[in-house]
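In the numbering used here, the protein residues as written are 1 to 157.
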């Protein structure tokens, strides 16, 4: 039920990664590669999407990491002040993981990319309803926290 939406989400993320001026961190749980094989760390999401990972490897202003210290050093090196969060799931990982909004909002201005997140715990069935449910979650959370959302097209360095 989520396949088409996940593919469309990945393509939007890919387009953003390919922007020459964008600084991007791709974090996917505590994953790492050894001998060109992703190691299973016991999470359902075992690795970044192959297409996104390949684009990040070619990107000069990009980092693939889950290590918060490494990410913080990278962001400071590039004088980043604002973080824009995309991925799955919202609500869920996008907010609560070690490098999620809740753990980064004390050091950066954080924003949700409304067309860059998806509610993977949604109980509704159609694509329209899943998107509507995702936007409802964003609106409710933004109202509660004051953290605003933006769209990919509106993000500029």
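Here a beta-carbon is modelled for each residue, glycine too, at the ideal position from N, C-alpha and C.
Residue state for residue 85 is assigned as strand, using DSSP reduced to three classes.
Taking a contact to require three or more Cβ pairs closer than 8 angstroms, the segment 107 to 118 and the segment 73 to 86 qualify as touching. According to the DSSP secondary-structure assignment, residue 113 is paired through a beta bridge with 150. Residue pairing for residue 64: DSSP places it in a beta bridge opposite 26. Counted as a single uninterrupted DSSP element, the stretch harbouring residue 121 is not any alpha helix (DSSP H), since DSSP gives it neither H nor E.
Assignment of residue 144 by DSSP, reduced to helix, strand and coil, places it in the helix class.
Looking from the CA of residue 109, the closest CA among 6, 91, 35 and 150 belongs to 150. Ranking 3, 76, 133 and 95 by CA distance to the CA of residue 145 puts 95 first. At least 8 angstroms separates the beta-carbon of residue 25 from that of residue 48. Your pair residue 138 and residue 99 does not check out as a contact, with CB atoms roughly 19 angstroms apart and the cut at 8 angstroms.
Non-local beta-carbon contacts of residue 112 in its own chain, meaning distances under 6 angstroms to residues more than five positions away in sequence, involve 85, 138 and 149 in chain order. For residue 12, the enclosing alpha helix (DSSP H) starts and ends at 3 to 17. The straight-line gap separating the alpha-carbon atoms of residue 10 and residue 53 is approximately 11 angstroms. For residue 35 and residue 28, the gap between their C-alpha atoms comes out near 18 angstroms.
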